[in-house]
Amino acid sequence: MGSVFLAVHIIGASLGQVLALAACVVALLYLWQRYRLKHKNFNVLSSRIPALDQLEKILLSCLWLGFIFISLALASGVYYFFRQGEYSSPAVEKFIWASTVWLWYLATLLMKSVYAQPSRRIAQMSLVGFVLLGAAVFGLLFMFIR
Amino acid sequence: MNEPIRTPDLWCIGTSYKTSPLSFREKVFVDSAILLEQLTALKASAALDEVLVLSTCNRFEIYGVSASLLTMNAAGLARIFVLLQALAGKTAEQLPTGEELAQYTYTRLGAAAIQQMMAVASSLDSMIIGETQITGQFKTALSIASQAGSVGPILARLAQETLATVKKVRSQTTIGEKTVSISHAAIELAKRFFHTLSDQCMVVLGAGEIATVAALYAVSFKPRRFYVVNRTLAKAEALVARVGWGRGLPLEQLSSVLAKADMVISASSATEPLISVELLSTVMEARQNRLLYLVDIAIPRTIDPRCACLENVYLFDIDDLQKLVAENRSQRMQAAEEALEIVQRSTEQFRQWLLDAPLKPALEGFHQYLDDLLYRELARTLTGKRYHDLSSEQMWGIKKMLEAVAKKIVGDAALALHEHRDIRTQQQQLLTALNLLFVQPSPLKPYSLQQRKFHAALSSATTSESLAHRLAGQ
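Chains A and B, in that order, are what the protein sequence lines are.
So that you can map any letter, position 9 of the first sequence is 9 in the working numbering, and since no number is skipped, the others follow by simple counting.
Remember, the working numbering sits 146 above the position in the second sequence when you count from 1.
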């Protein structure tokens, strides 16, 4: 039973990270395209990348799906460590980091769906979220190796 | 029998916006409806083999193929130009004078005429390079000439090659990709904001001439909702009726329309701003900061420029669009250079075809002569007593060898003729000699029936002796 939760945790976390990376790339494209259009810079490259509304839709889809997988990974991870009776240092720190990332993505999605914040802000928050996620993954990896 | 072999002479005489004022183009303009009747008359009167006329508001060009060398100079072509005008029912006063013809018309002969047709149809010679209207006009001109029966094998082939070149130019270069009209640019720019324009709510402010152009183009994308907002409701409704889509609204409903809109094009003739930054701030709150694309092509501007600072509002004025159009225009110029290379390649290919056209019958006749000779001698040799014990394999081997020799001789003759293609008189002499010696009249009678019989007998014979028996039995 425990291995099932571990598998769900690993798969969920991997997919969540892939989608967070995708959201980061789309957010960068969105901010770049927005900047070009706001500054009336019509170069050939900006006509080749998707339209702003499409980038916005892709960004939100990545964020929602990524959030679902991260939630799944967090829940299954907590349950797995609880069953294993792991309350030692790396597991607790991992939980704190993962919860921070999860809360950040939740805040990002709430900013859009509840507070109707402009997409520029959502794109910026996605970038910060990805930095947090990267710090969590690499920081914890470093801790485990040490 | 001794009639000289002639390379078809292609020519063009015309006038365009580049060489003549509008008054002259108006003077020489001939309506397409009249052309249908006049082309046949022109062909007969001027002793032309083929003729095609391209008549648009920017150009009037006659393309022809003629037998008479007299037409192949500026004076001869000018006579044809005037003759067509006269046939179209123009009075002596309306006909272009000699001075006008010399000043405003141009002539193209041979390859230059081929290139002219290809460049014109590809829109490389148009006022707006890359526009597509000219290709349609060229197709109409071709259709009229075909109906009139004035197009023969050369112009038909040239027109076919021209349309293929147009296709290449359109697909291999970016000549037609970027718009160069302000109203169109406004809509084209919207594609950087909205993936599909058909899902959007579009609003046009104003009901004047520019608003009409913008509305007509906007409606061609079939937007989900379309509104025309104008101070005078009747004018807004008239524009909606004209474009056949959407709803006309009075100016009082502007704020409620802005709350729904995704894209607004202002072409209003109002003298004060219709969309202020205060109004738009309120609207954006109601829209929950949804993306709004605004284009102000009105002079004076009717959208407060400060609106551009609002979050998720993208405002462009006529200067911004001019910049976009100018960039597009320069990109088209670059593409036009690539297109010209395509046209030049196609011109050369067609020129080669044109030069080879008169050689083909002579070379075919010569090949036929050699084949006749070959089978006659082969049949005589193989059925002779000296070679009665040849196997089927050996007989086929000899036949193939002789066929290869005949092919090689014809190939060498073709090469010699090709090498002299630029020296007309020498090529003419060679062709005449070839015709006189081998083609007309053939010293041998047609041998096709015997050839067939020989082939049938050779296919079933196992030795040359049995071949002789079989041929004797036929």
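Yeah, the Cβ is synthetic: ideal placement off N, Cα and C, and Gly gets one too.
- In this structure, DSSP gives L270 of chain B a state outside helix and strand, which the three-state scheme calls coil.
- Listed along chain B, no residue sits closer than 9 Å to A91 of chain A by beta-carbon distance, the nearest being about 41 Å off.
- Proximity of the region 323–343 of chain B to the region 418–429 of chain B falls short of the contact definition, fewer than three beta-carbon pairs being nearer than 8 Å.
- Of all alpha-carbon atoms in B:L456, B:V312, B:A387 and B:T358, the one lying nearest the alpha-carbon of I275 of chain B is that of B:V312.
- Under the three-state reduction of DSSP, F82 of chain A is assigned to helix.
- Membership of I544 of chain B in the alpha helix (DSSP H) is indicated by the continuous run S538 to E565.
- Using a Cβ-Cβ cut-off of 7 Å, K40 of chain A counts as an interface residue toward chain B, since at least one Cβ of chain B sits closer than that to its own.
- Taking 7 Å as the threshold, the shortest C-beta distance from L470 of chain B to chain A falls below it.
- Burial check for C24 of chain A: the Cβ neighbour count within 10 Å reaches 16 or more, so the residue is buried.
- Residue pairing by DSSP places E207 of chain B opposite B:G160 and B:L200 in a beta bridge.
- Between A224 of chain B and L247 of chain B the beta-carbon gap is near 5 Å, inside 8 Å, which marks them as a contact.
- Taking a contact to require three or more Cβ pairs closer than 8 Å, the region 404–423 of chain B and the region 447–456 of chain B qualify as touching.
- Around L37 of chain A, the beta-carbon contacts reaching into chain B at under 7 Å are R338 and Y460.
- Cβ contact annotation for L60 of chain A (same chain, cutoff 7 Å, sequence separation greater than five): K112, in chain order.
- Between I356 of chain B and A413 of chain B, the CB-CB gap stays under 7 Å.
- In the DSSP annotation of this structure, P507 of chain B is not part of any beta strand (DSSP E); the continuous alpha helix (DSSP H) holding it starts and ends at L505 to L528.
- Comparing alpha-carbon positions, the option among B:G530, B:T186, B:A559 and B:R171 lying closest to T609 of chain B turns out to be B:G530.
- Rounded to whole angstroms, N581 of chain B and Q574 of chain B show a C-alpha spacing of 10 Å.
- Sorting B:T571, B:D517, B:D535 and B:A579 by C-alpha distance to the C-alpha of H601 of chain B places B:D517 at the top.
- Per DSSP, the beta-bridge partners of Y252 of chain B are B:G160.
- Pairwise C-beta distances place the region 82–101 of chain A out of contact with the region 33–52 of chain A, as fewer than three of them are shorter than 8 Å.
- Contact with chain B is found for A116 of chain A, since one of that chain's Cβ atoms lies less than 7 Å from the residue's Cβ.
- Close to chain A, meaning a Cβ-Cβ distance shorter than 7 Å, are the following residues of the region 470–500 of chain B: L470 and E473.
- Here DSSP, grouped into helix, strand and coil, assigns L28 of chain A to helix.
- Around the beta-carbon of P299 of chain B, fewer than 16 other beta-carbon atoms lie within 10 Å, marking it exposed.
- Not a single C-beta of chain B is nearer than 7 Å to the C-beta of L59 of chain A.
- For I226 of chain B, the closest of B:G235, B:T243, B:S191 and B:G256 by C-alpha to C-alpha distance is B:S191.
- Under the 7 Å criterion on CB atoms, L6 of chain A is classed as non-interfacial with respect to chain B.
- In this structure, V556 of chain B sits near F512 of chain B, with a CB-CB distance shorter than 7 Å.
- Secondary structure note for L440 of chain B: its beta strand (DSSP E) is the uninterrupted segment L438 to D442.
- Here the C-alpha atom of S402 of chain B lies approximately 16 Å from the C-alpha atom of Q346 of chain B.
- Proximity of chain A to E398 of chain B at the Cβ level (cut-off 9 Å) is not reached, the minimal Cβ distance being about 27 Å.
- Closest in alpha carbon position to V410 of chain B, among B:L379, B:R388, B:F372 and B:A387, is B:F372.
- Rounded to the nearest angstrom, the gap between the Cα atoms of W32 of chain A and K337 of chain B is 16 Å.
- By the neighbour-count definition (other C-beta atoms within 10 Å, threshold 16), N376 of chain B is a buried residue.
- Using a CB distance cut-off of 7 Å, H330 of chain B does not count as an interface residue toward chain A.
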